[in-house]
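Visitor: Have a look at this one.
Chains as they are written, first to last, in this note's numbering: chain A, -14 to 102; chain B, 198 to 310.
Put into structure tokens, the structure is as follows:
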């Protein structure tokens, strides 16, 4: 079954304690991205990756890091989490670019709810 | 830079009534437009997309949307809603390289019996 898997689904932690949210897709997609969802703001893109070893900042990258060492994995790292990073996070993947004719949309994971105390 | 506006944060409607959820966008380049639905405690599912061609796009679950370039709009419509359509709906725009996706703030559709 084609899917995007995020772990953990829920996490409560304290300020300053480094954490990683993993994201894995089994569809051989080049493009992967991370979003945070906050009430009234919709989804805002944190980082995206067009392919292995290629990452770019989205609209709200401050306080986050990502890496793309393998095609299937795109972890989101919070080196020193703060309460304003309490949010619902989504990972997504899709084939790369519409120019190639691959007009498929992004596939989303089920989300990770982070609470930073 | 692109942006998306969804003017209605909440839309209550009775079952079997028609509904329109509004979406307006701004962009300096050609764009692709999407509508996603989010059911409680789930990720986003694509309802429909406009990439090129016919401006009237039909999607899943009986939804359709019309791309209006002059009004920079991409409103979502359904002629008769069901209780199961209760969810949050997001309009999104991406540039024509499929890179930066920008989502609107969402519209919560509540279908009442």
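Backbone N, C-alpha and C define an ideal beta-carbon position, used for all residues, glycine too.
(1) When you compare each of -1(A), 95(A) and 38(A) to residue 70(A) by their alpha carbons, which one comes out closest?
(2) Distance cutoff 7 angstroms, beta carbons only. Does residue 209(B) sit that close to anything in chain A?
(3) Please name the residues in the segment 228 to 253 of chain B whose beta-carbon is closer than 7 angstroms to at least one beta-carbon of chain A, in chain order.
(4) Classify residue 22(A) as helix, strand or coil using the three-state DSSP reduction.
(5) Closer than 6 angstroms by C-beta to residue 249(B): which residues in its own chain qualify, once you throw out the five before and the five after it? Chain order, please.
(6) Taking just the CA atoms, how far does residue 72(A) sit from residue 66(A)?
(7) Residues in its own chain within less than 6 angstroms of residue 19(A) by CB, not counting five upstream and five downstream?
(8) Going by beta carbon distance, what residues of the same chain come within less than 7 angstroms of residue 78(A), once the five residues before and after it are set aside?
(9) Pop quiz: residue 262(B) and residue 245(B) are said to be a contact at Cβ under 8 angstroms. What is the actual Cβ separation, rounded to whole angstroms?
(10) Under 8 angstroms by Cβ, that's how I've got residue 55(A) and residue 37(A) pegged, so tell me the actual separation to the nearest angstrom.
(11) Counting along the chain, where does the beta strand (DSSP E) carrying residue 260(B) start and finish?
(12) Against residue 27(A), what residues of chain B qualify as contacts under a CB-to-CB distance less than 7 angstroms, listed in chain order?
(13) 7 angstroms is my cut-off, CB to CB: does residue 30(A) come that close to chain B?
(14) Check whether the Cβ of residue 59(A) lies closer than 7 angstroms to any Cβ atom in chain B.
(15) Please decide whether residue 95(A) counts as near chain B, where near means a Cβ-Cβ distance under 7 angstroms.
(16) Can you give the Cα-Cα distance for residue 2(A) and residue 48(A), rounded to whole angstroms?
(17) To the nearest angstrom, how far is the alpha carbon of residue 309(B) from that of residue 50(A)?
(18) Three Cβ pairs or more, each shorter than 8 angstroms: is that satisfied between the segment 93 to 100 of chain A and the segment 275 to 290 of chain B?
Guide: From the atom records:
(1) Nearest of -1(A), 95(A) and 38(A) to residue 70(A), Cα basis: -1(A).
(2) Not one chain A Cβ lies under 7 angstroms of residue 209(B).
(3) Per Cβ criterion, the list reads 229, 231, 239, 240, 241, 243, 246 and 248.
(4) Strand, per DSSP.
(5) Answer for residue 249(B): no residue qualifies.
(6) Answer to the nearest angstrom: the Cα atoms are 11 angstroms apart.
(7) 31, 32, 61 and 76, listed in sequence order.
(8) Cβ neighbours of residue 78(A) beyond the five flanking positions: -11, 10, 12, 14, 16, 17, 91 and 92.
(9) Beta-carbon to beta-carbon, residue 262(B) and residue 245(B) are separated by about 6 angstroms, close enough to satisfy the 8 angstroms threshold.
(10) That belief holds up - the Cβ atoms of residue 55(A) and residue 37(A) are roughly 7 angstroms apart, short of 8 angstroms.
(11) Where residue 260(B) is concerned, there is no enclosing beta strand (DSSP E), given that its DSSP letter is neither H nor E.
(12) 287, 300, 301, 302 and 303, listed in chain order.
(13) Yes - at least one Cβ of chain B is within 7 angstroms of the one on residue 30(A).
(14) At a cut-off of 7 angstroms between beta carbons, residue 59(A) makes no contact with chain B.
(15) Chain B contact via Cβ: present.
(16) Between the C-alpha atoms of residue 2(A) and residue 48(A) there is a straight-line separation of about 13 angstroms.
(17) Going from the Cα of residue 309(B) to the Cα of residue 50(A) covers about 43 angstroms.
(18) Too few Cβ pairs lie closer than 8 angstroms, so no.
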